[in-house]
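Basically our numbering = 1-based index in the sequence shown + 82.
Where is the CB? At the ideal position from N, CA and C, for every residue including glycine.
Here the structure is laid out as structure tokens; the discussion comes afterwards.
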Amino acid sequence: MNAPVIDLRSDTVTKPGAGMRQAMADAEVGDDVYGEDPTVNRLEQRVAELLGQEAALFTPTGSMANQLGVRLVAPVGTELLCDSLAHVVRAELGAHAAVGGVTTRTWSSNHGRLDAEQVLAMVERSTSPYFVSTAAVTVEDTHNFGGGTVQPAAEVRALRKATRDLDVALHLDGARLWNSHVVTGLPLSELAGEFDTVSVCLSKGLGAPVGSVLASSADRIAAARIWRKRLGGGMRQAGVLAAAGLYALDHNIARLADDHSRARRLAEACADAQPGCVDPAEVETNIVAVRVADPPGRRCAGRAARRGRDPLRHPSRRRRRGRRARGTRPRRRRPYPLAPRAVSRWGPPACGRAAAAAGGPRLPAPAGRRRRGPAARRTARSPGAGARRR
Ligand SMILES: Cc1ncc(COP(=O)(O)O)c(C=O)c1O
């Protein structure tokens with residue numbers, strides 16, 4: 083019998099259950115590009131209310147919601163500040179620069195935790211022709227690559243107050259804001275209401291197959307609706323997807339607490355099996371980041387990266403040698419022996435230093451046999467050598 087496999091790669095692998103599938107099948111739909119899908123409209127209104135914002139827009143992905151959110155507050159040629167592990171800078175494939183025309187500057191953080199003072203020291207409100215002006219800051223709550231970290235509410239409040247005075251906008255990447263809400267017990271409107279733009283995901287741990295929502299002021303959301311269509315994100319009878327989102331909000335937020343306690347148990351089991359690989363006390367929500375002690379694969383990949391190679395496409399020399407030893411790849415034969423011999427079985431060599439040593443003529447060696455090494459490189463690089471080659 084096959085042992086059951088529990089896929090722990092990510093909360094993005096959660097699947098819709100029977101109740102959610104039924105809700106999708108029963109959804110009332112219309113053309114959402116015309117604003118005529120009643121289920122999408124209901125979802126947008128519901129999320130806006132939950133987050134303490136005026137309006138909201140359903141998007142196919144969290145990456146698109148983030149792109150739109152940043153676009154609304156950071157014009158072309160300005161900069162976005164975020165921490166060096168933020169999803170917007172690490173995992174959206176440069177979209178904010180490639181599509182939005184915005185540069186990013188990052189700060190280093192402790193597991194993605196916000197430190198308002200550190201961020202404020204980086205803000206550049208420049209009107210000079212020298213420095214890029216900071217238009218917005220992104221905060222990620224919970225923090226994915228930080229290990230599911232919940233943002234400290236006091237730091238967020240301090241950042242909000244100061245950035246408002248500086249006229250710098252705040253975008254919240256709240257893909258997992260639901261988890262923060264469950265851990266802190268704070269209302270979603272308190273966690274998100276003070277941000278200028280907020281994105282949340284329905285497909286991370288909540289079981290919806292796709293879907294995110296961007297929330298902001300009514301004016302900004304009207305502009306985002308145009309940009310969503312421009313980016314190819316206008317959806318027609320999207321109510322079947324929005325129905326999954328509504329079902330997730332009704333049934334699956336509270337049960338995130340189960341994920342959190344299971345994650346903690348998993349961390350404890352890992353720490354028992356391999357002490358030091360994870361600190362269970364660091365596991366705040368549903369993400370467990372396990373330190374793997376220098377595995378050979380990572381060493382190989384690191385070496386390949388240092389040499390500017392793709393580790394998947396260019397086997398390292400050691401792996402190649404291993405293959406040869408196993409006989410899975412034919413050994414390439416060298417055209418000449420490496421060291422010239424004065425006299426071989428076939429008689430004295432006809433050229434080169436060895437030939438001279440053997441008393442023969444000192445003709446230049448054929449191209450394939452020319453000496454390698456620093457001396458040879460010096461000769462090849464000299465202007466004379468270049469001129470001769472030409
Ligand atoms: C923090 C965060 N923001 C945004 C996204 C993007 O979501 P999507 O995969 O739907 O584009 C993710 C995805 O995992 C995420 O972890």
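ask   = Which residues bound the beta strand (DSSP E) around Val370?
value = Counting along the chain, Val370 falls outside any beta strand (DSSP E), and DSSP gives it neither H nor E.
task = Please classify Pro157: is it buried, with 16 or more other beta-carbons within 10 angstroms of its beta-carbon, or exposed?
result = exposed
message = Under 8 Å: do the stretch 218 to 225 and the stretch 190 to 199 share three or more Cβ pairs, one atom per stretch?
response = As far as the Cβ criterion goes, the stretch 218 to 225 touches the stretch 190 to 199, which means the pair count is three or higher.
query = Is Glu222 near ligand 1, judged by its Cβ being under 7 Å from some heavy atom?
reply = yes
key: Closer than 7 Å: His178 CB and nearest ligand 1 heavy atom   = No, Cβ of His178 sits at least 7 Å from all heavy atoms of ligand 1.
request  = Please report the Cβ distance between Val152 and His169, rounded to the nearest whole angstrom; I am assuming they are in contact, meaning their Cβ atoms lie under 8 Å.
outcome  = The pair is not a contact, with the Cβ atoms about 12 Å apart (cut-off 8 Å).
key: Same chain only: Cβ atoms within 6 Å of Arg399, ignoring 5 sequence neighbours per side   = Caution applies to Arg399, whose pLDDT of 49 falls short of 50 and renders its modelled position unreliable; the model cannot decide the point.
request  = Identify, in the order they occur along the chain, each residue of the same chain with its Cβ nearer than 8 Å to the Cβ of Arg373, setting aside the five sequence neighbours on each side.
outcome  = Cβ neighbours of Arg373 beyond the five flanking positions: Gly358, Cys359, Val360.
task = Collect the residues with a C-beta less than 5 Å away from any heavy atom of ligand 1 and give them in sequence order along the chain.
result = Environment of ligand 1, chain-ordered: Thr143, Gly144, Ser145, His169, Asn226, Asp255, Ala257, taking every residue with Cβ within less than 5 Å of a heavy atom.
task = Below 6 Å CB to CB, which residues in the same chain sit around Gly183 once its five sequence neighbours on both sides are set aside?
result = Taken in chain order, the residues that qualify are Val158.
ask   = Tell me which same chain residues have a C-beta within less than 6 Å of the C-beta of Ala371, skipping the five on either side of it?
value = Gly229
message = Assuming His253 is part of the beta strand (DSSP E), what are its boundary residues?
response = 251 to 256
inquiry  = I want to know whether the stretch 300 to 315 touches the stretch 133 to 146 - three or more CB-CB distances under 8 Å.
reply    = yes
query = In the stretch 255 to 319, which residue ranges form an unbroken beta strand (DSSP E) of at least 3 residues, counting only runs that do not cross its ends?
reply = 279 to 283, 294 to 298
query = When DSSP labels each residue in this structure, what does Arg346 get in the three-state scheme?
reply = Correct three-state label for Arg346: helix.
inquiry  = Starting from Val214, trace the beta strand (DSSP E) in both directions and tell me its first and last residue.
reply    = First-last for Val214: undefined, no H or E at that position.
query = Going by beta carbon distance, what residues of the same chain come within less than 8 Å of Gly321, once the five residues before and after it are set aside?
reply = Ala109, Glu110, Val111, Gly112, Asp114, Asp119, Pro120, Thr121, Val122
task = Report the three-state DSSP secondary structure of Arg124 (helix, strand or coil).
result = helix
request  = Give the range of the beta strand (DSSP E) segment to which Thr231 is assigned.
outcome  = Run containing Thr231: none; DSSP gives neither H nor E here.
request  = Identify every residue that forms a DSSP beta bridge with His225.
outcome  = For His225, which the question treats as bridged, DSSP gives the partners Thr231.
inquiry  = Need the endpoints of the alpha helix (DSSP H) that Arg187 sits in, please.
reply    = Arg187 -> not in any alpha helix (DSSP H); beta strand (DSSP E) instead, spanning 185 to 189.
task = Using only alpha-carbon positions, find the residue among Gly289, Ala297, Ala244 that is nearest to Leu125.
result = Ala297
query = If we count Cβ pairs, one from each stretch, closer than 8 Å, do we get three or more for the stretch 95 to 109 versus the stretch 239 to 250?
reply = no
key: Whole-Å CB distance - Ser285 paired with Val292, under 8 Å assumed   = 6 Å
query = For Trp309, which residues of its own chain have a beta-carbon under 7 Å away from its beta-carbon, when the five flanking residues on both sides are left out?
reply = Only Leu150, Arg153 meet the Cβ criterion.
message = In the DSSP assignment, the beta strand (DSSP E) including Asp165 goes from what residue to what residue?
response = 161 to 165
request  = Measure from the alpha carbon of Thr188 to the alpha carbon of each residue in Ala324, Met204, Gly176, Leu175, then state which is nearest.
outcome  = Met204
message = Starting from Leu323, trace the alpha helix (DSSP H) in both directions and tell me its first and last residue.
response = 321 to 333
request  = Report the residue ranges of all beta strand (DSSP E) runs contained in full by the stretch 131 to 156; include only those spanning at least 3 residues, in chain order.
outcome  = With a minimum length of 3 residues, the continuous beta strand (DSSP E) runs that stay inside the stretch 131 to 156 are 137 to 141.
ask   = Are the beta-carbon atoms of Asn226 and Ile369 separated by less than 8 Å?
value = yes
query = If we call anything under 8 Å between Cβ atoms a contact, is Val214 one with Thr160?
reply = yes
message = Restricting to Cα atoms, I'd like to know which of Val171, Ala85, Asp278 is closest to Ala473.
response = In this structure the chain extends from 83 to 472, so residue 473 is not present and cannot be described.
key: Backbone secondary structure at Val219 - three-state DSSP   = strand
ask   = Out of Leu163, Asp301, Ala85, which has the shortest C-alpha to C-alpha gap to Asp255?
value = Leu163
Residues sharing a beta bridge with Arg195, DSSP = Asn192
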